[in-house]
Amino acid sequence: MNAQQNQALAARMEEEQIPETGPAYREPTDRIAAIKGDLFASPCSLCLERPILLQRFPKTAQGRLGKKDHPLVKRAKALAFLMSERQPRIYDNELIIGNMTSKRTAANYYPEGGSINILEDLFRLEKRQIPINLTFPEKIELVRVGLAGLFSSIGGRALLKPGRFVHFLDFFRAKRYFITEEAGIGHQVGGYYNVVHQGLQHPDQIAGTCLETNALPDGTPLNRDQVAFYQSIRITIRGIRTMATNLADLAEKMAYQPGMSDKRRQELLASADACRHVPYYPARTFLEGLQSCWIVHVAMNLEDFEQGMSFGRLDRILLPLYQKDLEQKSITRETATEIMASFQLKTCETLPVYSERIDQYFSGNGVAQGITIGGTDENGNDTTNELSGLILDAYAQIRTREPALHVRVHEKTPSWFLDNAVATVQLGCGKPSFFSDKAVVAALTQAGMSTEHARDFAVIGCVEMASQGRTYNSSDAALFNLPLCLELALNQGICYGRRHFGGRMGAMTRPVEQMQSFEDVADAFRIQVEHAVAEMVKVIGWLEETYRIWRPTPVNSMVTEGCLAKGRDVTWGGALYDLTSIQVAGLADAGDSLYAIKQLVFEQKRFTLKELLHILKTDYRDHPALQQELLHQFPRYGNGIPDIDRMTQLAADIFSDAIIAHRNSRGGRYIPGIYSMTCHIAFGRLTGALPNGRGSGKRLSNGLSPADGADRKGPTAVLRSAASLDSRKWANCCALNLKFDRKTVSGNAGRKALAGLFTTYFSQGGMQVQANVLDAEMLRAARNNPAEHPGIVVRVAGYCAYFHDLQPSVQDEIIERTAHGLG
Amino acid sequence: MASGNPKQEAAGLVFSIQHFCLQDGPGIRSLVFFKGCPLRCVWCQNPESWKPIPELGFKKHLCTNCRTCISVCPEGAIVSPGQIRSEKCRQCFACTDACPSGALIRFGKPLSVKEIREELMPEYPFYQNSGGGVTFSGGEPTLYPEFAAHLAGSLKRDGIHLAIETCGLFHADPDTLSASGTITKKDTAQTAHPETAGRLLTLADLVLFDIKLFHPEAHRQFCGTDNRMILDNLAMLARRYHQKGGPLIWPRMPVIPGITDTPENLEGWGSLLAELRLNRLTLVPFHHLGEAKREWLQLEPGPCIHTLTGESMEKTLRVLTKIGISCFAPGEEDWPEYISS
Ligand code: SF4
Ligand code: SF4
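Here the protein sequences come in this chain order: V and P. Take the first sequence: its position 571, counting from 1, is numbered 570 in numbering that gives the first Met the number 0, and each next residue is one higher. Take the second sequence: its position 338, counting from 1, is numbered 337 in numbering that gives the first Met the number 0, and each next residue is one higher.
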C-alpha cells in the first residue's frame, strides 16, 4: 500500500468509526446497571483475609520448614500460600471474575505497610467521612492483626533503629515531606502486553531454564541470590495459577447449581474455561485478555499494596484479540463494550484505607488504577483505534470513581477520538485526563529512556509515568513541601511557629540581615530545598534496604522487563528503568512568594527583608491591607504574564535540580513530579504565612495550578502560564486542574471549546491537563466554603467568570440554573 | 468626554476584555466590551456599559473596610467605603488603584489599538484551534467607528475571525434621544455616521444583530428610543449579505418574559426575518444576573421581571418555528453551515 492509499484508508476508517463511538454505546446495559447497583449497595469495609493468611503461613508445616529460606523464597512462598488459600468469590452478572478482597467493596489490609494506622480510628470507624463497616468480632480481629504486625511494618523496621529516631519523628510529623513509600511501592504498569499474548508460562520457562542451567539467559553463572530469585518467580506463578484454578472451579460449581439460568451458566462456564487457561497461557479471546490482566492485577495488589496499580495501554494490548473475535463474529461492538464495562467495574471493588489523620494527605484520590488510551507506537505512528473509543464508551456506562482514564494526545490524534474523550469529560466525573505525547516523551528521554521506550509510556495511577512493562518507578515515593523551605530560608532553618523538637529543622542559612540581594534569598531557599531533599533521600534509602529483605515483589518482577534477564527482583534493581519520584506541593505559592519578595524588598523597597519576615511571623496581623493587596492586586502566576511565570519556573528548577542530583539505592534515578494529591492541604496547615499573601495554615497551591484565587483571567491564561514552563525535567509529569460549571462547557460548543483548550495547551508545550465539570451540589459546597473551592469558572449571562468573584445572590442563581439544567 | 469624537479616537473606551467566551460567535473567543450604549433597555445585564465615560463601581461583598480609599482620595469625595459623592469626584481613580481587595473598581479605560492587540495576541492559538476569534461587544462598538475599524483592520491582518455585536442603532440624533427622557445629552456619545459604521461592519466576518421589540412605540418604551433606524439597518445589512457578500448577519434576541416574548412581538420579528431571508435567531434567555451590577454602580434596581420558565421558552420556540425561523441557544448555533457556504 502506498502512502496515498494509506491515507485514504485512514480517512475511511475515521469516517466509519465516528458513528461507532456514539451515544448508543454509552447507556449502561441491564447487566452493567445491575453490577453497579450491587457494588454501590455494599458498604465499604476492611478485609482481613490477607493478613490472617500471611500470619498463619509461618505456622504451617511448609512455613516452619522454610524458616531458613532466602528472603526472596520466603516471601514467594508466603504469597503463593496466600493466593492459593484465599476464598474465591464470583458475583452476579459479572463477565470478568476474580475477587479483590473477601468482601464486595473493601480495602485489603497490609500489616507490612501503612495499614496499621487505621487503628487510630478504631472507635469511630462508622463515623469517619468514609465510613468503614466492621462487625464487633471483626474489630477484635483487626486489633489482633494490627498488633501482631506492629513491629513488622516496613516503616518500623527501617526507622526504629538507633540513630534514626530524629528521622522517625520528622517522618511522622510530615512537615517538610511526607514519605509515602513507607506504605508500599505499588504504582506499577506491568507488561500486560506480554501477560496477555505470551502468558506467565514465558517467565516461568525462563526461570526454569536458568535454574536448570544454573546460568542467566546470557550465560553468566547464577549466584545464590539469583537462584533464589528464579525460584521465587516459579513459586509465585504456581500460586497465581492455583488462584485462577480456584476461581475456575467455583465458576463451574456455580454454573451447575440448580436454578441457574442457561445464559448465566454459559457465561460462568466461559469464565471457568478462561481461568483454566489464563494468565498462564496466552489469551485466545478478548474476554480472556481482560481476564488475564485482571488476575495478574489481583496478584499485584495482594503482593504489594493497592495504590496506582495500573493496566497500561489496553487499547493497544487487546486490539489483536478484539479484531480476531470480531472477524470470527464471536463478539460484537456491543458485547465487547459490555465486557469492558464489567472489567472496569471490577476496579471499584478496592479502596485505600487510611486513618483520617493520613487521609488529609490523600483524601478522595481513590486507588487510581490507570488505563491509558491513544498515543503512538515506537516509531511515532498513531495507535488510536476502535478500542480507544470503546474503553471510553464503557466508562460512560459506569461513571464510577475507578478506574482512572488517561488519554494520550499528539498531533495526529484523530478528531473523533478527541471528541469522544471530551464528551466523556462532560459527564462530570473528572475523567479522562489528557497527556501530551510530545512533552511527556521529551521528559522521559531526558530521564534516560530510549525514544522508542518513552513513546510506549503509560500513566501510573493519576499522572505518573512509566514505559509500560519496563519500568520500576516508585512513582509516589514522597511528597515535598516547597513553600516551607522558603519559610526556613528566611528564618535560618527554623519554623516560624513553635520551635522544632531539637531546635533547627532545616539547614543553618544566614539571617535575613545578611541577605543583600534577591539572589541571596534564592540561594538560601536552594540550600534549604537541597537539605530537605537529602534528608528525605536518606530515609527512602533505609526503606529501600528494608524492602529488599522483607518485601520483595516477585509478581511485579515477572512483569517488568530486565528482572528475568538480570536474575534480580525489582526491589533489588532488576528493572530496565529504575526510578524514584518525588512530588512537589505549593509550587505556585513558592514562585509567587519569590516574586513578591523581589518586588516588595528589592525593587520597590517598601520593606526590608527583616520587616517582611516580621510581617510573616505575625501572619499579616498588623498589615491586613498589604495582605489584601498581595492577594488581589499583585501579579501572580496563572495570568499569562511571562515575568511572573518565570519565578515559578525558578522555584520548579530549584526543586527539580535538587531531586535529580540523587540516585536511589538500586542505582536508579530520582525524578520530580509536579502534583500533590491532597497533600497541599495537610502541608498548608503546617506552613506559616507566605510572602504572596497566603495566610498561615491555609492550603498550598496544588500541582501546576495557580495559587488559590490567583488566576484572574480565566482558563486560557492559566493554560498559557502553565504551558510556558519548561517541563523537560518533570519526568514524573504534572497535574493541572481546570474547573467549570456544567453549563459553561455543555453541548457541542462546550465540547469544541474544551478540545480547543487542550490542543492549544499541548501545542504550546503543555504536558497534562484535566477538567472537572461540576454539578449543582459541588457549586453549593463552593458557595458555602469558598476558600476550599477556588478557581471555578462559571458562565454568567454570556461570559465566563470566577464563581468566588460573584455575589452570593448570583451564585445562588447559578446553582439553581445548574440544578435545573436551565439555559 | 465624548469619546465618539473622531479626533479623540486614538483610544477606545473599553470596560473589559474577556477571554474564553463561548457564546458570542463560533469557537473560543475574546470579547472586547466597548463602553457606551445609545439604548437603555430596562432588562440590561451590563449597566456598566451604558455611559461612554469611565465610572466607579463598588462591590460591597469584597470590601474589607480598610478605609484606604478614603485616605487616598485627593478630593475628599469618599464619605465612607462605597459612599462616593459624585459631585466631588473628579475621576482620578486613585481610590480604585489603592483599594487592596478589588472592592472599588474602575469601569472603562481608554485603550489603544496596540494595547488591545497585545492583550489579544497570546490568545490567537486558542482561536485557531477552536475556530474562534474576537467579538466586539459592549455597549455599542459602532460608537467608536474609527477606532474600532482600526482595531478590526489590524485583527483582520492577523487573520483573526471577527464578529461585531451591535444594537443596530448606528445613526441617531442625540437630541431625539434626550427627548425620550431616558438618556441625558451628557451621557450619550455621538452615534456613528453610517459610512464609518458601514466601513467597520464590512471588516467583520459576522454581525450579531440584537433585536428586541418590533413595534417602534414598544421599543421606545422599553429601550429608550424608536427602532426605525434599527430596522433600516437590519434590512440594509441583510441586503448587503445577500447581494454583495457582506458579513454574515445573525440576529439575536433576549427573551424577556412578558416583554419580548409576546406573540405579537415574536410574530412581528419572525415575519420580518423571513422576509429578509434571515431565517435564524439566537434566543438569549433572561437572567437576573445584571441586578448585582446595578448595585455596584449604585443605580436604582431595574423593574421586576419574572424568571424565565421552560414552558414560556417552549412557547416562544413554537411561535418562531412556525414562521420558519430556526432558533438556537447562545453558543449552540450551527455556524459551520454558514461559514462554509
Ligand atoms: S476617583 Fe479620585 S476623586 Fe473620585 S472618589 Fe476615587 S479617588 Fe476620589
Ligand atoms: S479601599 Fe477598598 S476595601 Fe478598603 S474600605 Fe475602600 S473599598 Fe473597602
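Just so it is clear, CB atoms sit at the ideal spot from N, CA and C, and this is done for glycine as well. Here the structure is a predicted model, which means the values were calculated and not measured.
- Comparing C-alpha distances from H452 of chain V to each of V:Q582, V:A441, V:T758 and V:V462 shows the shortest one belongs to V:A441.
- Under a 10 Å Cβ-count criterion, P278 of chain V is classified as buried, with 16 or more other Cβ atoms of the shown protein chains found around its own Cβ.
- With respect to the 8 Å criterion, C274 of chain V and A254 of chain V are not classified as neighbours on the basis of their beta carbons.
- Among the CB atoms of chain V, one or more fall inside 8 Å of the CB of F19 of chain P.
- Residue environment: C733 of chain V is assigned as buried (16 or more neighbouring CB atoms within 10 Å of its CB, all protein chains considered).
- Sequence-ordered contacts of the region 319 to 332 of chain P with chain V read A328, P329, G330, E331 and E332 [C-beta pairs closer than 9 Å].
- Residue-level contact by beta carbon fails for T141 of chain P and chain V, as no gap is shorter than 8 Å.
- Taking 8 Å as the Cβ-Cβ cut-off, the region 754 to 772 of chain V approaches chain P at A754, G755, L756, T758, T759, S762 and Q763, given in chain order.
- CA-to-CA, the gap between K565 of chain V and L417 of chain V works out to about 41 Å.
- At least one beta carbon of chain P lies nearer than 8 Å to the beta carbon of H631 of chain V.
- Interface annotation for the region 170 to 202 of chain V against chain P: empty, criterion Cβ-Cβ distance under 8 Å.
- Sequence-ordered contacts of the region 61 to 77 of chain P with chain V read T63, C65 and T67 [C-beta pairs closer than 7 Å].
- For F524 of chain V, the shortest separation between its Cβ and any heavy atom of ligand 1 does not lie below 7 Å.
- Using a CB distance cut-off of 8 Å, L288 of chain P counts as an interface residue toward chain V.
- In this chain, the alpha helix (DSSP H) harbouring A748 of chain V covers G746 to S762.
- The C-alpha of T331 of chain V lies about 21 Å from the C-alpha of G373 of chain V.
- The beta carbon of L236 of chain P is closer than 8 Å to those of L200, V206, F208, G245, P246 and I248 in its chain, skipping five residues each way along the sequence.
- Residues of chain P with a Cβ closer than 8 Å to the Cβ of N747 of chain V are, in chain order, E331.
- Rounded to whole angstroms, the Cβ separation of G26 of chain P and G132 of chain P is 7 Å, and the two are in contact under 8 Å.
- The DSSP assignment places complete beta strand (DSSP E) segments of no fewer than 3 residues inside the region 593 to 676 of chain V at 668 to 672, in order along the chain.
- Counting the other CB atoms within 10 Å of its CB gives L121 of chain V a total below 16, which places it among the exposed residues.
- Residues of the region 704 to 731 of chain V that bring their beta carbon within less than 7 Å of a beta carbon in chain P comprise K712, G713, P714, T715, A716 and R719, in sequence order.
- Secondary structure note for I372 of chain V: its beta strand (DSSP E) is the uninterrupted segment G369 to G373.
- Taking the CA atoms as reference points, C68 of chain P sits about 7 Å from I77 of chain P.
- Counting the other Cβ atoms within 10 Å of the Cβ of H679 of chain V gives 16 or more, which makes it buried.
- When DSSP assignments are scanned along the region 42 to 107 of chain P, the uninterrupted stretches of alpha helix (DSSP H) that are 4 or more residues long and fall wholly within it turn out to be 67 to 71 and 93 to 97.
- Sixteen is the threshold: since fewer than 16 other Cβ atoms of the shown chains lie within 10 Å of the Cβ of H214 of chain P, the residue is exposed.
- In this structure, the alpha-carbon of L265 of chain P lies about 42 Å from that of V717 of chain V.
- Taking a contact to require three or more Cβ pairs closer than 8 Å, the region 284 to 303 of chain P and the region 43 to 58 of chain P qualify as touching.
- Rounded to whole angstroms, the separation of the alpha carbons of G307 of chain V and A60 of chain V is 35 Å.
- In the DSSP annotation of this structure, K102 of chain V is not part of any beta strand (DSSP E), being labelled neither H nor E.
- Distances between the C-beta of A574 of chain V and the heavy atoms of ligand 2 are all 7 Å or more.
- Legend: CB atoms of the region 125 to 153 of chain P lying less than 9 Å from CB atoms of chain V belong to residues F125, Y126, Q127, N128, S129, G130, G131 and S136.
- Less than 8 Å separates the beta-carbon of V352 of chain V from that of S114 of chain V.
- L344 of chain V and D324 of chain V have their C-alpha atoms some 22 Å from each other.
- If the five residues before and after S432 of chain V are omitted, its C-beta is found closer than 6 Å to the C-beta atoms of H405 and Q769, all from its own chain and listed in chain order.
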